[in-house]
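Heads up: the structure comes next, in structure tokens.
2 protein chains.
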Amino acid sequence: MPKQTFFNLPEKKRQHLINAAEEEFARVPLHEASIANIVKSAGIPRGSFYQYFENKEDIYFYLLKEETDARRIKFFQKLEEHDGDIINAVTDFYYEFLVELPDDREFDFLKNALLHVTHKIEDAFTAAFKGKHDTGFFNEVIEMIDKDRLNTKNDTEIYHMLQIVIAVVFRNFVEKFSKELSDDEAIEHFTIEMNLLKNGLYKN
Amino acid sequence: MPKQTFFNLPEKKRQHLINAAEEEFARVPLHEASIANIVKSAGIPRGSFYQYFENKEDIYFYLLKEETDARRIKFFQKLEEHDGDIINAVTDFYYEFLVELPDDREFDFLKNALLHVTHKIEDAFTAAFKGKHDTGFFNEVIEMIDKDRLNTKNDTEIYHMLQIVIAVVFRNFVEKFSKELSDDEAIEHFTIEMNLLKNGLYKN
DNA sequence: GTTGACAAATGACATCGTGTCACTTAAACT
DNA sequence: AGTTTAAGTGACACGATGTCATTTGTCAAC
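Residue numbers (our numbering), protein chains in the order written: chain A, 18 to 221; chain P, 18 to 221.
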């Protein structure tokens, strides 16, 4: 977490710094990003950066969380819109994400994150869906899901269903970025996989 | 790829260097590993390292490929043993991987890789299953699969089934390592998810 | 309005890591 | 032996990180 001094900063200066950081993280993935570039672009001295943040990761995960928090709200909206149909909700979510493309900087930021995923980054992303246990979002999703459509009413199994869906959604994002699929191709692939998940891979 | 000079090295010296590198990559993930440590531990001068490899990534992905190549062969064996039943094959594969634990160094090496996955690392792993298009391994798997068990005979859909299976297998490995699950827990989770994949998430 | 105390700002610096390059040594071939 | 080609070597230039002693700013109390 950023230090208190960061939040005490005048709005304008704080935005400047955030912009500079986003720019750098859109340019290159986390491990290639340099604090030197951020402070240079933000026009602040190096020492100041360390007044506000512990290190590079600190500001990175702060920005990433900001980003994913916004998406989580979107996801819950979709889940409600689709009456707890998790597959429809997630498909709509994926579709909307691709179509109303974030601006270039945001796009590149997420692209870099997804193509250079570490476990911590994946956690930050998936927290948008399943939430941390202590925040209770996971349970919230389970409650909102329409269990009548599902093959089971067992919470443990539903938990694993969510894990599967998240893994496949994630994979599709990565594939979209790494193979530079068009939106249409990406959505086609996504739909095929969601249907396979629904109906199962094997004959019954 | 390592340079020719590396392969020209006397067996013993080469093994020494490989050992030193594996040790370092077992200690910390790729981006924290230092060439300084490797050459120090291997007892070779820094300049020599660059005679053999382009950089850190070069030796890392070489080692990772060695590792995954061995596993790919195992996977094909399993696929044959289980008469093309991909889920059974992959479950057996997962089980065996966990039980006949690699030695500590190998274990930590893979753990570090899996917990700090980048797209390139994931590719190296999944290549073990699906192979590169140009090597034809993907087609090979498709041919070996018993399509009669599947919900479709369409190659495109089967391709996506494989992608799904790979994504879920991958997720289970990461979960096992990140949550430090016992082997029993890991296998239980895996089995649940494989059954969900087989039968589908939704009622039909 | 001066003082004192605390928070924030600053940039030089110590440290460490990378990749290169000019030079040395060894090997192979004539 | 002499020449050419490959491999070995470590000092060095460069760039990045995180720290710290010092300076600057702020604000309440007197």
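The beta carbon of each residue, even a glycine, is placed where N, CA and C say it ideally should be.
**Report entry** Alpha-carbon spacing of A:ASN36 relative to P:GLU174, whole angstroms
**Finding:** 43 Å
Report task. Using three-state DSSP, classify P:LEU118 as helix, strand or coil. Result -> coil
Report task. Report yes or no: do the region 165 to 180 of chain A and the region 107 to 121 of chain A share at least 3 C-beta pairs separated by less than 8 Å? Result -> no
Requested in this report: Determine the chain P residues that contact A:ALA1 at a beta-carbon separation under 8 Å, and present them in chain order.
Outcome: Residue 1 of chain A cannot be examined here, being either before or after the span of chain A that is shown, 18 to 221.
Report task. Determine the burial state of P:GLU28: buried for a count of at least 16 other Cβ atoms within 10 Å of its Cβ, exposed for fewer. Result -> exposed
Query raised in the report: So which residues of chain P does A:ILE209 contact, with C-beta pairs closer than 8 Å?
Result: THR173, GLU174, HIS177
Query - Length of the line joining the Cα atoms of A:VAL186 and A:ASP140 - result: 14 Å
Query raised in the report: Of all the options P:GLU84, P:LEU26, P:LEU179, which has the alpha carbon lying nearest to the alpha carbon of P:SER65?
Result: P:LEU26
Report task. Within 10 angstroms of the Cβ of P:HIS150, are there 16 or more other Cβ atoms? Answer buried if so, exposed if not. Result -> Its pLDDT being 46, under 50, P:HIS150 is placed unreliably in this model, and the value from its coordinates should be taken loosely. P:HIS150 should be labelled exposed.
Query - Contact check, A:SER195 vs A:LEU115, beta carbons under 7 Å - result: no
Report task. Taking the CB atoms as reference points, tell me whether P:GLU39 and P:ARG122 lie closer together than 7 Å. Result -> yes
Query raised in the report: Given P:THR85, which residues of its chain have a CB within under 7 Å of its CB, disregarding the five upstream and five downstream residues?
Result: ALA141, PHE142, ALA144, ALA145
Query raised in the report: Residues in its own chain within less than 6 Å of A:LEU12 by CB, not counting five upstream and five downstream?
Result: This structure leaves residue 12 of chain A out entirely; chain A is present only between 18 and 221.
Query raised in the report: So P:SER51 is in the alpha helix (DSSP H); what residue range does that whole segment cover?
Result: Counting along the chain, P:SER51 falls outside any alpha helix (DSSP H), and DSSP gives it neither H nor E.
Query raised in the report: Taking the C-alpha atoms as reference points, what is the distance between A:ILE209 and A:ILE103?
Result: 15 Å
Query raised in the report: Nearest CA to the CA of A:TYR79: which residue from A:LEU96, A:LEU47, A:ASP163, A:HIS206?
Result: A:LEU47
Query raised in the report: What is the DSSP secondary structure of P:LEU127, counted as helix, strand or coil?
Result: helix
**Report entry** Proximity test, Cβ basis, 7 Å: A:TYR219 and chain P
**Finding:** yes
Query - Neighbour list for P:LEU127 in chain A, Cβ cutoff strictly below 8 Å - result: What P:LEU127 touches in chain A: nothing, since even the nearest Cβ is about 13 Å away.
Requested in this report: With a floor of 4 residues, list each alpha helix (DSSP H) that falls wholly inside the region 132 to 191 of chain P, ordered by position along the chain.
Outcome: 136 to 147, 154 to 161
Query raised in the report: If you draw a straight line from the C-alpha of A:ILE76 to the C-alpha of A:MET18, how long is it?
Result: 8 Å
Requested in this report: For A:ALA50, collect the residues of the same chain with a Cβ closer than 6 Å to its Cβ; drop the 5 residues on either side in sequence, then sort them by chain order.
Outcome: GLU41, PHE42
Requested in this report: Could you work out which residues of chain A lie near P:LEU115, taking near to mean beta carbons separated by less than 9 Å?
Outcome: Near P:LEU115 there are no residues of chain A at all, since even the closest Cβ is about 18 Å away, more than 9 Å.
Query raised in the report: Excluding five sequence neighbours on each side, which residues of the same chain lie with their C-beta closer than 6 Å to the C-beta of P:PHE207?
Result: TYR111, ASN189
**Report entry** Whether P:LEU213 touches A:MET178 by CB criterion (7 Å)
**Finding:** yes
Requested in this report: Could you tell me whether any Cβ in chain P is nearer than 7 Å to the Cβ of A:THR135?
Outcome: yes
Requested in this report: Tell me the start and end of each unbroken alpha helix (DSSP H) in the region 81 to 117 of chain P that is at least 4 residues and wholly inside, in chain order.
Outcome: 103 to 116
**Report entry** Contacts of A:GLN251 in chain P (Cβ-Cβ under 8 Å)
**Finding:** Outside the displayed range of chain A (18 to 221) lies residue 251 of chain A, so it cannot be described from this structure.
Query raised in the report: Roughly how many angstroms lie between the CA atoms of P:HIS136 and A:VAL134, to the nearest whole one?
Result: 7 Å
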